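Visitor:
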Amino acid sequence: MSRREEIERRKDLPDAPKGWDRFKWYGPGLLWMVAAVGSGSVLFTPRIGARYGYEFLWMALIFIFLMWVMIREVGRYNVVTGKTIFEGYRDISGKSNWSLYFILVPQILAAVVTIAGIAALAGSAMMIVLPWQYEAYAATIIVLCLIIVLTGTYKTFERIMSIMAGVLVFIVVVTAFRVLPDSGELGQGIVPAIPENIDIEFVLPWVGFILAGASGIMWFSYWVSARKYGGELTREEEVNKFSEEEEQEDIQQSEEVYAQQKSWIKTLTVTSAIGVVGGGIVLLSFLVLGAELLRPQGLIPEGIDVAKDLTRLLSQVWGEIGKWVFVTGIMIALLGTILSNQDGYGRMFADGTVILLMPLLKKKELVNPGLPDTAEDKAKPRDGLDGRKKKITSFLLDKKKLRVIYAIVLGAALPLVAFFIVRDPVEILSIAGTVAAVHTPVVVFLTLHLNRNRLPKPLRPGGFVTVAMWLSGIAYGAFAVYHFATLSQ
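If you read the sequence shown in the working numbering, its first letter stands for residue 161, the second for the next number, and so on.
1) Between the C-alpha atoms of Val602 and Pro532, what's the straight-line distance to the nearest angstrom?
2) Counting only runs that start and end within the region 318-406, where is the beta strand (DSSP E) found for 3 or more residues in a row?
3) Tell me the rounded alpha-carbon separation between Ile370 and Val487.
4) Can you have a look at Val527 and say buried or exposed, based on whether 16 or more other CB atoms are within 10 angstroms of its CB?
5) Taking the alpha carbon of Gly504 as the reference point, which residue from Tyr566, Ile460, Leu556 has its own alpha carbon closest?
6) In angstroms with no decimal places, state the Cα-to-Cα distance between Ile323 and Lys388.
7) Taking the alpha-carbon positions, what's the Thr311 to Tyr212 distance?
8) Kindly list the residues whose CB is nearer than 7 Å to the CB of Val339, restricted to its own chain and excluding five residues on each side of it in sequence; keep chain order.
9) On the CB-based measure, 16 or more other CB atoms within 10 Å of its CB, does Ile263 come out buried or exposed?
10) If you draw a straight line from the alpha carbon of Pro541 to that of Gly512, how long is it in whole angstroms?
11) Anyone know if the C-beta pair for Val625 and Val234 falls short of 9 Å?
12) Among the candidates Ile331, Lys243, Lys550, Gly277, whose CA atom is the shortest distance from the CA of Leu203?
13) Quick check on Ala353: buried or exposed, where buried means 16 or more other Cβ atoms within 10 Å of its Cβ?
14) Got a sec, what are the start and stop residues for the alpha helix (DSSP H) Ile224 sits in?
15) Which residue marks the beginning of the alpha helix (DSSP H) containing Arg250, and which one marks its end?
16) Got a sec? Which residues, its chain only, sit under 6 Å from Ala640 by beta carbon, not counting five neighbours each side?
17) By how many angstroms is the C-alpha of Leu470 removed from the C-alpha of Ile307?
18) Measure the C-alpha to C-alpha separation of Lys401 and Leu443 and round it to an integer number of angstroms.
19) Please classify Met161 as buried or exposed, where buried requires at least 16 neighbouring CB atoms within 10 angstroms.
20) Please determine, among Gly344, His609, Pro618, Phe509, the residue with the shortest C-alpha to C-alpha distance to Ile268.
21) For Glu480, does the three-state DSSP call read helix, strand or coil?
22) Could you give the residue range of the beta strand (DSSP E) that holds Arg170?
23) How is Leu521 classed by DSSP in three states: helix, strand or coil?
24) Would you decide whether Trp424 is buried or exposed? Buried here means 16 or more other CB atoms lie within 10 Å of its CB.
25) Within 10 angstroms of its Cβ, does Ala638 collect 16 or more other Cβ (buried), or is it exposed?
26) Hey, out of Trp192, Glu396, Leu364, Thr607, whose CA is closest to Leu242's CA?
27) Determine, using beta-carbon pairs with one atom in the region 495-503 and one in the region 274-289, whether at least three such pairs fall under 8 Å.
28) Going along the chain, which residues of its own chain have a beta-carbon closer than 7 Å to the beta-carbon of Glu416, five neighbours each way excluded?
29) Would you kindly check if the distance between the Cβ of Leu556 and the Cβ of Tyr261 is under 9 Å?
30) Roughly how far, in whole angstroms, is the beta-carbon of Val595 from the beta-carbon of Ala372, given that I think they are within contact range, below 8 Å?
31) With 16 as the cutoff for other CB atoms within 10 Å, does Ala645 come out buried or exposed?
32) What did DSSP end up calling Lys255 once you bin it into helix, strand or coil?
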């Protein structure tokens, strides 16, 4: 039976949480929420509101819903199979692993510029309340966030982010309600319409960062697995594989397992909804602030002026306390985003590196050549290797150590270099937003293919979710195609 014909599920899994115990499992959603609101909400959304008012409110609502579908689906694959989303992409990419290369190589650039741009925004926000050297603030923030990521466990990290999520939603919503327009203006924005003067280059980075880009979607899968949804990540022998002809027999013989997996998916559904609804509320609040404070003044802030202009105008409405409250909200959003970027990119690149190196290590006979490519958990340096080769091979197979290295290099060192070269967060993050918009349809269609073809029928997405995933891929793909088609104009 070929890998392409295999249907997969965990052999065993713990009971899904019930009742009040479910609240202990909603951390990945809160973590994802804070990760999602940084650049898209704080930087690009107020600029959209300042230029177009509420004309793109309908688009924001649609993409918020589609984002819920997308992150739920990457989580579904992990819950059902116990494998990471990259392991799934490997299984459907053949020996070339084209999908992982296509995702990971451009994401190196996206990781660096995203963290650099958000740090620039955070530094500018600190300048509002405590004037000092803007560059020093940005650099200090990157380093401090890295220390938190490297010294804490996942549960500690989740707890910190959950507290930040609650405070952030409260602050931003209260702030937006202070300047909220009448319902008529908001109602007009719900009706789909494209402005005549639309600037696609202005809108595309915002679309790419509405709540999360392609990387943020995939991180949700890693945080779900870190929280052990459905159990620990599985080894090769812990995954039950069977053909379509054997599927019905497996369903009949394992009714309790299927029932538990459906319960886990229900918990996953709520978790992802919490993240998306919370992030959506924050994003819409920043749209209101842009439309009500910046647009009447004719301001479309550039560079580091976004936070400064919003804070200045809000303090005119709400007094000095408004400035402090709003800056606190911005700092929570930006610091949380840097933390989650450093953690998420570290996990994603570590997983991808081990998967991509397995065939090479086998070819060079640094590990047992007889191992299947999917058995990286069993791989270890071959006996007889000299000390240096053994240490290097062992390091390249250690996802925990690789995560630390990637967090340091891609999450701190290179972003610091990028920041001191460019410094303008709009310019920096526009690059990352474009990468996100281009990558998202690839992630969507790969995940949909996995879940529709590699999972047992009772655990696959239904017709409504399948259509929503198709719409997600087509929508993001259309923006990406239009962007590249107009580059030469």
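Backbone N, C-alpha and C define an ideal beta-carbon position, used for all residues, glycine too.
Keep in mind the model is a prediction, meaning the values are calculated, not measured.
Guide: Looking at the coordinates:
1) Straight-line spacing of the CA atoms in Val602 and Pro532 works out to 26 Å.
2) You should have 399-402.
3) 21 Å
4) buried
5) Tyr566
6) 21 Å
7) 43 Å
8) Val448, Leu449, Glu452, Leu453, Val477
9) Classification of Ile263: buried, given that the 10 Å Cβ count is 16 or more.
10) Our two residues, Pro541 and Gly512, have alpha carbons roughly 19 Å apart in a direct line.
11) With contacts defined by Cβ atoms closer than 9 Å, Val625 and Val234 do not form a contacting pair.
12) Gly277
13) exposed
14) First-last of the alpha helix (DSSP H) with Ile224: 217-241.
15) 245-251
16) Ala597, Val598
17) Going by the C-alpha atoms only, they are around 30 Å apart.
18) Here the alpha carbon of Lys401 sits roughly 42 Å from the alpha carbon of Leu443.
19) For Met161, the predicted model reports a pLDDT of 38, less than 50, meaning its position is unreliable and no value from the coordinates is stated.
20) Phe509
21) helix
22) 167-170
23) helix
24) buried
25) Exposed, by the Cβ-count rule.
26) The question names Leu, but residue 242 is Gly in the sequence shown. Nearest of Trp192, Glu396, Leu364, Thr607 to Gly242, Cα basis: Glu396.
27) yes
28) none
29) Cβ atoms of Tyr261 and Leu556: not closer than 9 Å.
30) About 13 Å; that fails the 8 Å criterion.
31) exposed
32) coil
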